[in-house]
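Worksheet for the structure shown next.
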Amino acid sequence: MKKIIFALSIISIIISSCDKIDDPIPKDQGSSFSLDGETEYITDPSLGISNSEQLLDLINSNSWDSLDGYDNSNRRFIVLEEFTGHTCLNCPIGAAEVIRLDTILGDQLIPVSIHAGKFAEPKQTGDKYKSDHRPPSGKAETYATTFNPGDAYPRGMVSRIGGAVTPVNSWEGAINAIKDDNPKAVIKMRNFYSAASNLLRIDIEIEWLETLQEDYNLQVFVAEDHIIDWQLNITVDQPDYDHRHMLRKIVNDTWGKSLNEANQGETQKIQYILPLDPSWKANDLESIAFIYDSDVTSYEIIQANAAHVSE
Amino acid sequence: MKNISLTKLAIGLTISIFSISNINAQSVDQILSNGEVRGNFQLDMQYYQEDSLIGAQDVPEKILSNGFLNLVYTNGPFSMGVRYESYLNALLGFPDGYKGNGLTYRFASFQKKRLSVTVGNFYEQFGNGLIFRTYEERGLGYDNMMDGVRVKYSLARGLTVTGVTGVQRIFFEYGEGIVRGLDVELSLNEAINGFSESKTRIILGASGISKYQADQDSRYVLPENVGAGAGRINLTHGYFNVNAEYAYKANDPSADNGYIYKPGEALFVQTSYSRKGFGLVLAAKRNDNMSFRSDRTADQQNLLINYLPALTKQHTYNLLATLYPYAVQLNGEVAYQADLIYKFDKGSLLGGKYGMDIQVNYATANNLDTTHLNDELTKRQGYESKWFEVGEVYFKDFNTQLTKKFSKKVKGRFTYANLVYNKDVIEGKPGEPTVYANIGIADVTYKFNMRNSLRTEAQVLFTEQDQGDWATLLLEYSYSPHWFFALMDQYNYGNEDSKKQIHYYNASIGYNNGGNRITMSYGRQRAGIFCVGGVCRVVPASSGLYLSITSSF
Numbered sequence: 001m002k003k004i005i006f007a008l009s010i011i012s013i014i015i016s017s018c019d020k021i022d023d024p025i026p027k028d029q030g031s032s033f034s035l036d037g038e039t040e041y042i043t044d045p046s047l048g049i050s051n052s053e054q055l056l057d058l059i060n061s062n063s064w065d066s067l068d069g070y071d072n073s074n075r076r077f078i079v080l081e082e083f084t085g086h087t088c089l090n091c092p093i094g095a096a097e098v099i100r101l102d103t104i105l106g107d108q109l110i111p112v113s114i115h116a117g118k119f120a121e122p123k124q125t126g127d128k129y130k131s132d133h134r135p136p137s138g139k140a141e142t143y144a145t146t147f148n149p150g151d152a153y154p155r156g157m158v159s160r161i162g163g164a165v166t167p168v169n170s171w172e173g174a175i176n177a178i179k180d181d182n183p184k185a186v187i188k189m190r191n192f193y194s195a196a197s198n199l200l201r202i203d204i205e206i207e208w209l210e211t212l213q214e215d216y217n218l219q220v221f222v223a224e225d226h227i228i229d230w231q232l233n234i235t236v237d238q239p240d241y242d243h244r245h246m247l248r249k250i251v252n253d254t255w256g257k258s259l260n261e262a263n264q265g266e267t268q269k270i271q272y273i274l275p276l277d278p279s280w281k282a283n284d285l286e287s288i289a290f291i292y293d294s295d296v297t298s299y300e301i302i303q304a305n306a307a308h309v310s311e
Numbered sequence: 312m313k314n315i316s317l318t319k320l321a322i323g324l325t326i327s328i329f330s331i332s333n334i335n336a337q338s339v340d341q342i343l344s345n346g347e348v349r350g351n352f353q354l355d356m357q358y359y360q361e362d363s364l365i366g367a368q369d370v371p372e373k374i375l376s377n378g379f380l381n382l383v384y385t386n387g388p389f390s391m392g393v394r395y396e397s398y399l400n401a402l403l404g405f406p407d408g409y410k411g412n413g414l415t416y417r418f419a420s421f422q423k424k425r426l427s428v429t430v431g432n433f434y435e436q437f438g439n440g441l442i443f444r445t446y447e448e449r450g451l452g453y454d455n456m457m458d459g460v461r462v463k464y465s466l467a468r469g470l471t472v473t474g475v476t477g478v479q480r481i482f483f484e485y486g487e488g489i490v491r492g493l494d495v496e497l498s499l500n501e502a503i504n505g506f507s508e509s510k511t512r513i514i515l516g517a518s519g520i521s522k523y524q525a526d527q528d529s530r531y532v533l534p535e536n537v538g539a540g541a542g543r544i545n546l547t548h549g550y551f552n553v554n555a556e557y558a559y560k561a562n563d564p565s566a567d568n569g570y571i572y573k574p575g576e577a578l579f580v581q582t583s584y585s586r587k588g589f590g591l592v593l594a595a596k597r598n599d600n601m602s603f604r605s606d607r608t609a610d611q612q613n614l615l616i617n618y619l620p621a622l623t624k625q626h627t628y629n630l631l632a633t634l635y636p637y638a639v640q641l642n643g644e645v646a647y648q649a650d651l652i653y654k655f656d657k658g659s660l661l662g663g664k665y666g667m668d669i670q671v672n673y674a675t676a677n678n679l680d681t682t683h684l685n686d687e688l689t690k691r692q693g694y695e696s697k698w699f700e701v702g703e704v705y706f707k708d709f710n711t712q713l714t715k716k717f718s719k720k721v722k723g724r725f726t727y728a729n730l731v732y733n734k735d736v737i738e739g740k741p742g743e744p745t746v747y748a749n750i751g752i753a754d755v756t757y758k759f760n761m762r763n764s765l766r767t768e769a770q771v772l773f774t775e776q777d778q779g780d781w782a783t784l785l786l787e788y789s790y791s792p793h794w795f796f797a798l799m800d801q802y803n804y805g806n807e808d809s810k811k812q813i814h815y816y817n818a819s820i821g822y823n824n825g826g827n828r829i830t831m832s833y834g835r836q837r838a839g840i841f842c843v844g845g846v847c848r849v850v851p852a853s854s855g856l857y858l859s860i861t862s863s864f
């Protein structure tokens, strides 16, 4: 009997020699810390923060200017993600429509221009279109293949409703269909910016206004406005085109962070800490946060907010 | 992947030399005189002709060949062997990875009292293979052999432990995953005093397998170590036998399952009752997400660690065997099979003067009944499945076979089969309609005398789907004990496209003598699927001259 138990014990060891993965989606958004038991602090891997003391030291050793996001406690904010590229001759038409709608809706509309796909590739020769406006690590390409598999431009999504892009002339109608919806959650945002260190802390508080059955993810972006560079505008190579609301960084990985269950009245606080690229203009930067249904048959963004980094 | 290193052969040679040098009482001559070399050889060669009518492609090399030579040296408790393989280039339909020559298999083993050790290449199976089976099926180009170490030890009377560790073959290389495993088998009749003479025989088994593969994926957090376990029982009481095994596999995201993290499960139960003139086998199997490979990115038949047995009859007649055979669906299926054999005695009403055998077989395979979870961005469990419910039909096969000798000169075998074949799923061709087919076969042999006989096969297949109706006629003349000659024509007379109503003619001649067999044929080979045990290979259309030589010694 001892020999049988011995042999079965070895089998148990072999079987248990496996890695149980509870969260398959990588969290290359960085390391997670708790300083006050209330907020989850998530630091960018490049900061090399490995413990709470280092994080506290980083926060305390820098001076921070703060800017708040908008009040969306009574409104459903809308994200308009526009797929574009600098050699896409019709994309300025899409960009113009984004600006027109942004002017109408004001802070309720959060535009994001995603440079991805064949028209966003930088030219290897010549002196035009050499800039790479695509966010690093190919994550925007994942968005393009997921939401714009037909590789058509210009195309966009209004709060990811339908989980796929639609043509320019459909955006306004889609916005009007949801702009008066009651919000299901509130996102409060505050950016803390250290100009000396070029560091950004994006503080986010989510409050659920309803109890929801779906699983939701939080996605955080950094976008830069007014980038002057080449753009093929119909038939003209325009060297001083004003690129608006360009997605620069996907802060918390391609599909964001899974949120706790959506129970009415409950809140969840998260703060992302990351370095900013020195080539970005802090005054034109904006952090964007939105909550979306992680069911791949949905992807719908139910609430969003944005906050400027620096004045 | 790592190249097969011939230097590893030195391991076996070293053991051999070491053994000899330590046996002082015997001379080298005496030792060598006890040794024995056995082996076999096979060469399959084809000269290809382009035949646009049947879709036979032009082959730049004109001649392709597969060759094998196995040599095994045995001397008492020691044995070693090699296999040489040659693909210059591989016959059409075999994976492209088979290209060139080399020693693909080499091993050395010894046995000392209760211990048996093999180093190098080996094949092994735990239980029914649900979590571990390595084997070679040459006709499929299938070979997932291990390269590593195997140790077997008899811990006690009736209790055997087998441990393995190694990497698996993929063509002329090895996969990057490492496979480790242990199997324990206990024969209660041997282990327990007083139970050895019991009419009830019970063998229990338990096994575990773990594979390791580094995670270099940026999309997902992948488990680098994946474990699987299985428990089994084999119970025999008189004419009755039950063979059952349950297996569980931990999260194993792979290309097969779309990188979901749902655990895998498999249950296999086979019961049989057999006595003279009567046999009944009932079997059931359910496998859910049980594709298990040592490389999570592998596909087709590459680097499979386990084997999920097919619960369908292995047909041999051409139309039945190669037009619509079933391939086991690794991601999930529920399958059942019933097989009845009954022999009508000589002199009985139906048996007549020489008796008669009848076999009735029914097999069915369905998809699992699943509910998609839409959790690709969170837990990635993929789906939920209900244990006792089934989904879409994959395959059904009702067939019956009657074998009867009519006189001293005439005997026949008559087969009817009704097939339902989900081509969309089985062949991975979305949108293809399910095929419903009826097949009838008459196989009659007329024996002129002791040396001369003529066998005739007439086959028809009726279906309104796919390529429509087929007919096959075969005439095979045997001149015992060495020669045979055959003529065959397969005719797709029911094809809706009159240009595809093609005759696939073939003539062959064969010679057998003293373990050598030489076969030559000329004609057309239609495109089809060749399956063994639910594992399949697509055979493309070809035309030309085929030569096969086999020899064993």
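Chain order of the listed sequences is A and B. Letter 208 of the first sequence, counting from 1, is numbered 208 in the numbering used here, and no numbers are missing. Letter 195 of the second sequence, counting from 1, is numbered 506 in the numbering used here, and no numbers are missing. Ideal Cβ positions, reconstructed from N, Cα and C, are used throughout, including at glycine. Computed from a prediction, not measured in an experiment: that's the story for all the values here.
Exercise. Looking at the unbroken alpha helix (DSSP H) that takes in A/TYR70, where does it start and where does it end?
Worked result: Here residue 70 of chain A corresponds to residue number 70 of the first sequence, with the count starting at 1. Segment: none, A/TYR70 is in no alpha helix (DSSP H) and carries neither H nor E.
Exercise. Sorted by chain position, which residues of the same chain lie with C-beta nearer than 6 Å to B/ALA577's C-beta, five sequence neighbours on each side aside?
Worked result: Locating residue 577 of chain B in the second sequence gives position 266, counting from the first residue. Closer than 6 Å at the Cβ level, and outside the excluded window around B/ALA577, lie LEU441, ALA558, ASN598, MET601.
Exercise. Residues of chain A with a CB under 7 Å from the CB of B/GLU535: which are they?
Worked result: Position 224 of the second sequence, counted from the start, is the residue given in the question as residue 535 of chain B. Correct list: ASP19.
For this session: Please confirm whether A/ASN217 and A/LEU259 have their CB atoms less than 8 Å apart.
Result: Position 217 of the first sequence, counted from the start, is the residue given in the question as residue 217 of chain A. Position 259 of the first sequence, counted from the start, is the residue given in the question as residue 259 of chain A. Result yes, Cβ atoms of A/ASN217 and A/LEU259 sit closer than 8 Å.
Exercise. So what does DSSP say about B/ASN545, is it helix, strand or coil?
Worked result: Stepping through the second sequence from its first residue, residue 545 of chain B is reached at position 234. Residue state, collapsed to three classes: strand.
Problem set entry | Close beta carbons around B/SER332, own chain, < 6 Å, minus the five adjacent residues each side | As a position in the second sequence, residue 332 of chain B is number 21, starting the count at 1. Confidence at B/SER332 is low in this model, with a pLDDT of 47, below 50, so the placement of that residue is unreliable and no value is reported for it.
Exercise. Is B/THR682 close to chain D, meaning its C-beta is less than 8 Å from at least one C-beta of that chain?
Worked result: This model lacks chain D altogether; the protein chains it does include are A and B.
Problem set entry | Within 7 Å of chain A by C-beta, residues of the region 568-601 of chain B in sequence order | TYR572
Exercise. List, in order along the chain, the chain A residues whose C-beta lies closer than 7 Å to that of B/ALA517?
Worked result: Counting from one through the second sequence, the residue named residue 517 of chain B turns up at place 206. Chain A residues near B/ALA517: LEU8, ILE11.
Exercise. Could you give the C-beta distance for B/PHE405 and B/ASN432, rounded to a whole number, given that I count them as a contact under 8 Å?
Worked result: Taking the first residue of the second sequence as position 1, residue 405 of chain B is located at position 94. Taking the first residue of the second sequence as position 1, residue 432 of chain B is located at position 121. Wrong, their Cβ atoms sit about 20 Å apart, outside the cutoff.
Problem set entry | B/GLY663 versus B/LEU651, B/PHE717, B/LEU630, B/LEU631, residue with shortest Cα-Cα distance | Here residue 663 of chain B refers to the residue found at position 352 of the second sequence. Of the listed residues, the one whose Cα sits closest to B/GLY663 is B/PHE717.
Exercise. If you measure from the CB of B/SER427, is any heavy atom of the ligand ADP nearer than 7 Å?
Worked result: In the structure on display, the ligand ADP does not appear, and there are no ligands present to speak of.
Problem set entry | Residues from the region 666-697 of chain B in contact with chain A, defined by Cβ distance under 8 Å | ASN685, ASP686, GLU687, LEU688, THR689, LYS690, ARG691
Problem set entry | Rounded separation between A/LYS128 and A/ASN198 - CA only | Reading the first sequence from its first residue, position 128 is the one you call residue 128 of chain A. Reading the first sequence from its first residue, position 198 is the one you call residue 198 of chain A. Near 30 Å, if we compare the C-alpha coordinates of A/ASN198 and A/LYS128.
Exercise. Any Cβ of chain B within less than 8 Å of the Cβ of A/ASN217?
Worked result: Position 217 of the first sequence holds residue 217 of chain A. Chain B, which has a Cβ nearer than 8 Å to the Cβ of A/ASN217, makes this yes.
Exercise. So which residues on chain A does B/TYR531 lean against when the C-beta distance must stay under 9 Å?
Worked result: Against the second sequence, residue 531 of chain B aligns to sequence position 220. Ordered by position in chain A, the residues that pass the 9 Å Cβ test against B/TYR531 are ILE21, PRO24, ILE25, PRO26.
Exercise. Hey, does B/PRO741 have any beta-carbon neighbour from chain A nearer than 8 Å?
Worked result: Residue 741 of chain B sits at position 430 when you count from the first residue of the second sequence. Not an interface residue.
Problem set entry | Exposed unless 16 or more other CB atoms sit within 10 angstroms - verdict on B/TYR804 | Working through the second sequence from its first residue, we reach residue 804 of chain B at position 493. Exposed.
Problem set entry | Rounded separation between B/LEU786 and B/SER859 - CA only | In the second sequence, residue 786 of chain B corresponds to position 475, counting from 1. In the second sequence, residue 859 of chain B corresponds to position 548, counting from 1. When rounded, the distance between both Cα atoms is 20 Å.
Exercise. Taking the runs of the beta strand (DSSP E) that are 3 residues or longer, which of them lie wholly in the region 212-272 of chain A?
Worked result: 216-224, 227-233, 236-243, 246-250
Exercise. Comparing the C-beta of B/PRO636 with each C-beta of chain A, is any distance below 8 Å?
Worked result: Sequence index remark: in the second sequence, residue 636 of chain B carries index 325 (1-based). No, its Cβ sits nowhere closer than 8 Å to a Cβ of chain A.
Exercise. DSSP state of B/PHE579, grouped into three classes?
Worked result: Locating residue 579 of chain B in the second sequence gives position 268, where the first residue counts as 1. It is a strand residue.
Exercise. So A/THR39 packs on A/LYS188, CB below 8 Å; how close in whole Å?
Worked result: Counting from 1 along the first sequence, the entry for residue 39 of chain A is found at position 39. Counting from 1 along the first sequence, the entry for residue 188 of chain A is found at position 188. Between A/LYS188 and A/THR39 the Cβ distance is about 12 Å, and since that is not below 8 Å, they are no contact.
For this session: Give the straight-line distance between the Cα atoms of B/THR745 and B/LEU631, rounded to the nearest whole angstrom.
Result: Your numbering for residue 745 of chain B matches position 434 in the second sequence. Your numbering for residue 631 of chain B matches position 320 in the second sequence. Roughly 16 Å between the two C-alpha positions.
Problem set entry | As assigned by DSSP and simplified to three states, the class of B/GLU775 | Walking along the second sequence from the start, residue 775 of chain B turns up at place 464. Coil at B/GLU775, not helix or strand.
For this session: Report back the beta-carbon spacing between B/ASP355 and B/LEU414 to the nearest angstrom; my notes put them in contact at under 8 Å.
Result: Translated into positions along the second sequence, residue 355 of chain B becomes position 44. Translated into positions along the second sequence, residue 414 of chain B becomes position 103. Going by Cβ atoms, the distance from B/ASP355 to B/LEU414 rounds to 19 Å, so no, they are not a contact pair.
For this session: Step through the CB atoms of chain B and report whether any lies within less than 8 Å of the CB of A/ASP295.
Result: By 1-based counting over the first sequence, the position of residue 295 of chain A is 295. Cβ-Cβ to chain B under 8 Å: yes for A/ASP295.
Exercise. Taking the alpha-carbon positions, what's the B/SER764 to B/LYS758 distance?
Worked result: Your numbering for residue 764 of chain B matches position 453 in the second sequence. Your numbering for residue 758 of chain B matches position 447 in the second sequence. Their Cα atoms are separated by approximately 4 Å.
For this session: Within its chain, find whatever has a CB closer than 6 Å to the CB of B/LYS262; leave out the 5 residues flanking it on each side and keep chain order.
Result: In the structure as shown, chain B begins at 312 and stops at 864. Residue 262 of chain B is therefore absent and cannot be evaluated.
Problem set entry | Outcome for A/LYS20 when other beta-carbon atoms lying within 10 angstroms are tallied against a minimum of 16 | Working through the first sequence from its first residue, we reach residue 20 of chain A at position 20. Exposed, by the Cβ-count rule.
Exercise. Quick one: Cα of B/PHE483 to Cα of B/ASP606, how far?
Worked result: Numbered from 1 along the second sequence, position 172 holds the residue referred to as residue 483 of chain B. Numbered from 1 along the second sequence, position 295 holds the residue referred to as residue 606 of chain B. Approximately 16 Å, taken between the alpha carbons.
Problem set entry | Under 7 Å by beta carbon: chain A residues contacting B/ARG562 | Reading the second sequence from its first residue, position 251 is the one you call residue 562 of chain B. Checking the sequence, you will find Asn at residue 562 of chain B rather than Arg. Correct list: LYS20, ILE21.
For this session: Measure the beta-carbon distance from B/ALA748 to B/ALA769 and round it to whole angstroms, keeping in mind my assumption that it falls under 8 Å.
Result: Position 437 of the second sequence, counting from 1, holds the residue named residue 748 of chain B. Position 458 of the second sequence, counting from 1, holds the residue named residue 769 of chain B. No, B/ALA748 and B/ALA769 are not in contact; Cβ-Cβ is about 17 Å, not under 8 Å.
For this session: Give the DSSP-derived three-state secondary structure of A/LYS139 in the structure shown.
Result: What you label residue 139 of chain A is simply residue 139 of the first sequence in a count that begins at 1. Helix.
Exercise. A/ALA196 lies in the alpha helix (DSSP H); which residues open and close that run?
Worked result: Within the first sequence, numbered from 1, the residue matching residue 196 of chain A stands at position 196. That residue, A/ALA196, is in no alpha helix (DSSP H); it is neither H nor E in DSSP.
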